[in-house]
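Numbering (UniProt numbering), first residue to last: 1 to 121. Built from N, CA and C at the ideal position, the CB exists for glycine as well. Only a predicted model underlies this, so the values are computations on that prediction, with no experimental measurement involved.
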Amino acid sequence: MNPDALRGHMDALLLSVLEREPLHGYAIIEALLERSGGALNVPTGTVYPALRRLERIGYLSSEWATVGGRKRRTYRLTDSGRKQLEGERSAWQEFATVIGSVLRADAVETGEVSGARRAAG
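And the structure:
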């Protein structure tokens, strides 16, 4: 998958992975890869700065834990992060509906493009 396609969606992806349980950075990368069927192979240079930023704004908390005999920083979703994830999911559904309407071949013929735009606005 083109990394540019993830722009603007990384926060939602990270929050979603952490919704189930606290994870360390490498486990988050593995979860993204697994949950996407191998399509999202996100580099550490993208994930770790995003995790630190999400922690700074209060959507995540972290603590050091020993995992498999190694000390790792484990990230956990906060209540504020859960609320943000709900908003991200809602925004994604709206985005997917509108873009899906535009990309459908029969959308122009049925007039659904203008209807989707009105619903989103």
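Nearest-angstrom Cβ-Cβ length linking residue i and residue j, presumed shorter than 8 Å
| i | j | result |
| --- | --- | --- |
| tyrosine 59 | leucine 15 | 6 Å |
| alanine 50 | aspartate 79 | Not really, about 20 Å apart at Cβ, beyond 8 Å. |
Collapsed DSSP secondary structure at residue i in the structure displayed
| i | result |
| --- | --- |
| tyrosine 75 | strand |
| alanine 39 | coil |
| glutamate 21 | coil |
| arginine 82 | helix |
| alanine 65 | strand |
| arginine 56 | helix |
| arginine 89 | helix |
Rounded C-alpha distance that separates residue i from residue j
| i | j | result |
| --- | --- | --- |
| tryptophan 92 | alanine 65 | 33 Å |
| leucine 54 | lysine 83 | 13 Å |
| serine 36 | valine 17 | 11 Å |
| glycine 100 | aspartate 106 | 11 Å |
| proline 22 | alanine 96 | 28 Å |
| arginine 89 | methionine 1 | 21 Å |
| leucine 32 | arginine 56 | 22 Å |
| histidine 9 | glycine 68 | 30 Å |
Contact under 9 Å by Cβ, residue i with residue j
| i | j | result |
| --- | --- | --- |
| glycine 25 | tyrosine 75 | yes |
| leucine 13 | valine 42 | yes |
| glutamate 63 | arginine 73 | yes |
| leucine 6 | threonine 44 | no |
Closer than 8 Å: residue i CB and nearest the ligand FMN heavy atom
| i | result |
| --- | --- |
| serine 36 | By its list of ligands, the structure shown contains no ligand whatsoever, and the ligand FMN lies outside what it can speak to. |
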